[in-house]
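Asker: Going by the working numbering, the sequence shown opens with residue 358, and the numbers climb by one from there.
Input: one structure, supplied below.
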Amino acid sequence: AELIRHSGELSAAADRLQGEQEVLSRHAEEIGIPLKHYDAVDQIGVLVGVLFKGKTTVRGLAKLKVDNDEFQPTLDKIDDAVEFFGRESGGKEVLEEELKRQRKTAANSQISGNIEYY
Numbered sequence: 358a359e360l361i362r363h364s365g366e367l368s369a370a371a372d373r374l375q376g377e378q379e380v381l382s383r384h385a386e387e388i389g390i391p392l393k394h395y396d397a398v399d400q401i402g403v404l405v406g407v408l409f410k411g412k413t414t415v416r417g418l419a420k421l422k423v424d425n426d427e428f429q430p431t432l433d434k435i436d437d438a439v440e441f442f443g444r445e446s447g448g449k450e451v452l453e454e455e456l457k458r459q460r461k462t463a464a465n466s467q468i469s470g471n472i473e474y475y
């Protein structure tokens with residue numbers, strides 16, 4: 358009788374742990390999706406040879422070539438990131454309003470910067 362009760366307790370604990378594992382796996386996926394897209398955005402500057410450091414633009418040789426096997430997958434990652442961030446930020450209308458606001462601000466203030474080559 359003691360073994361049957363203990364077996365039932367272990368089975369219930371295993372079911373609980375399996376449920377927690379599924380919840381944690383889903384949560385890890387939710388965390389990983391934005392990180393994947395942030396990574397794609399972070400890498401694009403280096404791949405195309407243009408980096409922005411404050412008001413300074415640094416230009417160099419692009420590491421990504423059109424005839425390279427990595428070209429299409431890189432474009433796909435960037436497209437996915439643009440779609441993801443567009444969706445997460447409220448959609449196309451919100452992004453367009455922000456661009457209009459930035460253009461007004463830029464028109465009202467003078468921006469100066471430097472260009473460096475490496």
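Ideal Cβ positions, reconstructed from N, Cα and C, are used throughout, including at glycine.
Buried or exposed for H363, please, with buried defined as at least 16 other CB atoms from any protein chain shown within 10 angstroms of its CB.
Answerer: exposed
Asker: Report the rounded CA-to-CA distance for G443 versus P391, giving the unit in angstroms.
Answerer: Spanning the two alpha carbons is a distance of roughly 12 Å.
Asker: Please return the same chain residues whose Cβ sits closer than 7 Å to the Cβ of S446, not counting the five positions on each side in sequence.
Answerer: L452
Asker: Alpha carbons only, please: which of V423, D424 and V405 is nearest the one belonging to V415?
Answerer: V405
Asker: For a quick check, are the C-beta atoms of D437 and H394 less than 8 Å apart?
Answerer: yes
Asker: Please report how far the alpha carbon of R460 lies from the alpha carbon of I388, in whole angstroms.
Answerer: Rounded to the nearest angstrom, the two C-alpha atoms are 33 Å apart.
Asker: Which residue marks the beginning of the alpha helix (DSSP H) containing K434, and which one marks its end?
Answerer: Looking at the DSSP string, the run of the alpha helix (DSSP H) that includes K434 is F428 to E445.
Asker: Quick one, are the C-beta atoms of K420 and V439 less than 8 Å apart?
Answerer: no
Asker: Could you name the residues that DSSP lists as bridge partners for L408?
Answerer: Note: L408 sits in a beta bridge opposite V415.
Asker: With H, G and I counted as helix, E and B as strand and the rest as coil, what does DSSP make of L421?
Answerer: coil
Asker: Could you check the C-alpha separation between G365 and G376 for me, to the nearest Å?
Answerer: 17 Å
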